[in-house]
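Structure first, then comments.
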Amino acid sequence: MDELSKANGDCMNRDSYQDMLAAVQAFHDKHRFKETGGEEMIYRVALMAEELGEISSCVTKNKSKYLLSEEVADLLILLLGTAIAQELDLNGAFWDKMEKLDKRTARMINGRIRVSEFRGMDQ
Ligand SMILES: [Mg+2]
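The structure is reproduced here in C-alpha cells:
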C-alpha cells in the first residue's frame, strides 16, 4: 500500500485538517512534486487560477453541484499543497483570519453584502 492509499485509508479522520494535509503531502510525495517543479509557486498560482476558472465555468454554465464541488475540491487540494510547498501554517492562518473577519463591519454595496475594512472609502 502506497502512502496516498494509507493517507486515504480507514484510519484517517476525513474531518481533520491534519489528515487532509497528510493526504495531499502523500500525493506530493508520490509524484515527487518537490523535485519535479510541482511545488514552484509561479506554476502553483497558474494551477490555482486554472481551477478558479473551472469553478467560474460551473457557475456561468449552471453545471451541477457535483461538478462544482469537484472543482472547489481541486482548488482546496491546491491550497493545501501550497501550504505544504511554502511551509505555511494554513490552519493557524485560517483561524487568525476568521477572528479578524469577525471584527469587521458589513455593508450592502450594489445590492450585495461586503465585509471589509472599507479603507479609503467614504462613510
Ligand atoms: Mg478542476
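Numbering-wise, this note's numbering comes out as the position in the sequence shown, counting from 1, plus 56. Note that beta-carbon positions come from the ideal geometry of N, C-alpha and C, so glycine has one too. Fair warning: this is a prediction, and the values are worked out from it, not measured in the lab.
Judged by DSSP secondary structure, MET76 falls within the alpha helix (DSSP H) whose first and last residues are 73 to 86. Annotation: SER172 is outside any alpha helix (DSSP H); the continuous beta strand (DSSP E) that includes it extends over 168 to 172. Within its own chain, the residues whose Cβ lies closer than 6 Å to the Cβ of GLN81, once the five positions on either side in sequence are excluded, are ILE140, listed in chain order. When DSSP states are grouped into helix, strand and coil, ARG100 belongs to the helix group. The segment 97 to 105 and the segment 143 to 159 do not touch, with fewer than three beta-carbon pairs separated by less than 8 Å. Between GLU95 and PHE89, the gap from beta carbon to beta carbon is short of 7 Å. Leaving aside the five residues that flank THR138 on each side, the residues in its chain whose CB is nearer than 6 Å to its CB run, in chain order, ARG100. Taking the Cβ of ASP130 as the reference point, at least one heavy atom of ligand 1 falls within a distance shorter than 6 Å. According to DSSP, ARG163 shares a beta bridge with ARG170.
By the 16-neighbour rule on beta-carbons within 10 angstroms, LEU134 is buried.
For GLU173, the CB contacts under 7 Å within the same chain, skipping 5 residues up- and downstream, are ARG160 in chain order.
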